[in-house]
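Participant: Numbering (the numbering used here), first residue to last: 38 to 375. All residues carry an ideal CB built from backbone N, CA and C; glycine is no exception. For clarity, every value in this text was computed on a predicted model and none was experimentally measured. Would you mind keeping the following structure in view while I ask a few things?
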Ligand code: UDP
Ligand code: MG
């Protein structure tokens, strides 16, 4: 047990980010409670309403009144799934913490098996989707390319078919909660931490109700966050690109000068000028864009704004949950397990 852990805390915390999940949470609660009670575990569910525009907030309120083992927080606006998971991790009090989607796509009946693996001594229990992914071909292709790029850039091995459905030991959760950075990409962060890990395969189900909130643009943004927060290699690539361009343009410039001085100026080739301009213009803009992405992220980090803003808290001290949104303060007053 860690020092921050209180005695009445349950063994297991199940945290679930929820964005517009009014139609799923009741069923999610029913199945989870059923499954975990049958398995004889002591547990709590931490529901994080990520600024939903539907009645998610009311459903959590109702569930909390009915069963105090349901705790949660409601954000004042949408902050994104990774931030919601961060808030859940900060509130979780269990010795083991499971992160799971609220839409019932992840099989709840796998949780007792994950707990078993944890009891065998694994500090991180990942899950891997079995093949037969029903995603459209283009999505699968892009995701394949992304993981190839990500893995070669970041130096950590990220499993393509592994969702955020994981069990984490208290020591891992404490570490994650104390990370001061704002851009959180758990898929890469968790393998980066190390620890004893294992994977359990599962079959992904259809959503119970509602629609997915991850379209191409949001997935692309997440992918960019992942690459940029885990690697500075794109910056180095700019240097190589610049060197390559110089290697080509310097001899060509020399040749043009030689022609001008000794062979007499001819009408300059319009096509070559346009080509060189386009090439250099394109390379410069891409390089500026890459630089901008890093600078933007540095800017976001130094502003030290809170990770999220809180509208309502169930089953925890509101002040502490608000405080936990300031990750740079975290090292000073350890607030894991509110
Ligand atoms: N989610 C969230 N904030 C968001 C988008 C999604 O907390 O801005 C939650 C959502 O409620 C669900 C999980 O993250 O529990 C996964 O989202 P979704 O099912 O939309 O994604 P998909 O399963 O299609 O990848
Ligand atoms: Mg889903």
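1. On a Cα-Cα basis, can you pick out the residue from 111, 78, 81 that is closest to residue 91?
2. Using a Cβ-Cβ cut-off of 6 Å (strictly less than) and excluding sequence neighbours within five positions of residue 53, which residues of its own chain qualify?
3. Just verifying my parser: in three-state terms, what is the DSSP assignment at residue 341?
4. Straight-line CA distance for residue 359 to residue 349?
5. Using the C-alpha atoms, what's the distance from residue 107 back to residue 128?
6. State buried or exposed for residue 58, treating a residue as buried only when at least 16 other CB atoms are found within 10 Å of its CB.
7. Flag residue 239 as yes when its Cβ comes closer than 7 Å to any non-hydrogen atom of ligand 1, and as no otherwise.
8. I want to know whether the segment 208–221 touches the segment 138–156 - three or more CB-CB distances under 8 Å.
9. Taking DSSP's pairing of strands, which residues face residue 19 in a bridge?
10. Under 8 Å by Cβ, that's how I've got residue 135 and residue 186 pegged, so tell me the actual separation to the nearest angstrom.
11. So is residue 276 buried or exposed if we call it buried at 16+ other beta carbons inside 10 Å?
12. Looking at C-alpha atoms only, which residue of 354, 240, 161, 324 is the closest neighbour of residue 226?
13. Please specify which runs of the beta strand (DSSP E), each continuous and at least 3 residues long, are wholly inside the segment 205–270, giving them in chain order.
14. Tell me which residues share the same chain as residue 46 and place their Cβ nearer than 6 Å to its Cβ, disregarding the 5 neighbours each side in the sequence.
15. By alpha-carbon positions, which one of 61, 49, 48, 55 ends up nearest to residue 244?
16. With 16 as the cutoff for other CB atoms within 10 Å, does residue 238 come out buried or exposed?
17. For the putative contact between residue 223 and residue 164, defined by C-beta atoms under 8 Å, what is the C-beta separation to the nearest angstrom?
18. Give me whichever residues DSSP pairs with residue 49 in a beta bridge.
19. Between the Cα of residue 282 and those of 98, 318, 126, 268, spot the shortest distance and give me the residue it belongs to.
20. From residue 361 to residue 65, what does the alpha carbon distance come to, in whole angstroms?
21. Work out the CA separation of residue 321 and residue 294 for me, nearest whole Å.
22. Inspect the beta-carbon positions of residue 6 and residue 204 and report whether they are closer than 8 Å.
Facilitator: The structure says:
1. 111
2. 84, 137, 139
3. coil
4. 10 Å
5. 12 Å
6. buried
7. no
8. no
9. Residue coverage of the chain in this structure runs from 38 to 375, which leaves residue 19 outside it and unanswerable.
10. Not confirmed; about 30 Å, so no contact.
11. exposed
12. 161
13. 234–239
14. 130
15. 61
16. exposed
17. Their Cβ separation, rounded to whole angstroms, is 13 Å, which puts residue 223 and residue 164 out of contact at 8 Å.
18. 80, 133
19. 318
20. 26 Å
21. 24 Å
22. Any property of residue 6 remains undetermined from this structure, which presents the chain solely from 38 to 375.
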